[in-house]
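Everything on this sheet refers to the single structure shown next.
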């Protein structure tokens, strides 16, 4: 099991514990006769629900991303991780920027192929642009899911 999965499991368990604890506190406050504690209790119910929804969405995103990575790996289509790294293990930004053009051109040439968007997401990640990497990976996941639904 990877460090990322272990980290996700640990954070998820801690969050579930927090949600249970806040749910209990919310129940105690909702049962109070005064209006202010009741309102606070309602807020304590709502906020963990939002947190739980966010946790589920992120875990599903991770599982779907992992599924696409397994598909690409079985097809031999995962990008090769051969970029030079610093002594600390980080990818050297200039080399990632140079390799980025290849993946960007691939995505522009095949905009309907989720595989090209997956690889472009990996290139964004290598360049340190996490926001675009996640956005592009979501696009790849959505394209794959739409393709699976169409093929059913």
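In the numbering used here, the protein residues as written are 5 to 156. Cβ coordinates follow ideal geometry from the N, Cα and C atoms, glycine included. Please read all numbers here as calculations on a predicted model, not as lab measurements.
1. Check this for me: beta carbons of residue 27 and residue 35, under 9 Å apart or not?
2. So, is residue 145 buried or exposed, given that buried needs 16 or more other C-beta atoms within 10 angstroms?
3. On the DSSP bridge list, what partners appear for residue 95?
4. Exposed or buried, which one is residue 123 when buried takes at least 16 other CB atoms within 10 Å?
5. Taking the straight line between their C-alpha atoms, what separation do you get for residue 98 and residue 82?
6. With 16 other CB atoms within 10 Å as the buried threshold, where does residue 57 fall?
7. Please go through the same chain and pick out, in chain order, the residues whose beta-carbon is closer than 7 Å to the beta-carbon of residue 89, but skip the five residues on each side of it.
8. Using a Cβ-Cβ cutoff of less than 8 Å, which residues in the same chain neighbour residue 11 once the five nearest sequence positions on both sides are dropped?
Reading off the structure:
1. Taking the first residue of the chain shown as 1, we reach residue 27 at position 23. Taking the first residue of the chain shown as 1, we reach residue 35 at position 31. No. Outside cutoff.
2. The sequence position of residue 145 within the chain shown is 141, counting from 1. Residue 145 sits buried, since 16 or more C-beta atoms from the chains shown fall within 10 Å of its C-beta.
3. The residue given as residue 95 occupies position 91 in the chain shown. DSSP lists 89 as partners of residue 95.
4. Within the chain shown, the letter at position 119 stands for residue 123. Within a 10 Å sphere around the beta-carbon of residue 123 sit 16 or more other beta-carbons, which makes this residue buried.
5. Your numbering for residue 98 matches position 94 in the chain shown. Your numbering for residue 82 matches position 78 in the chain shown. Approximately 21 Å between the Cα atoms of the pair.
6. As a first step, residue 57 is located in the chain shown; it is residue number 53 there, counting from the start. So residue 57 counts as exposed.
7. As a working note, residue 89 is residue 85 in the chain shown. Taken in chain order, the residues that qualify are 95, 96.
8. What you label residue 11 is simply residue 7 of the chain shown in a count that begins at 1. Cβ contact annotation for residue 11 (same chain, cutoff 8 Å, sequence separation greater than five): none.
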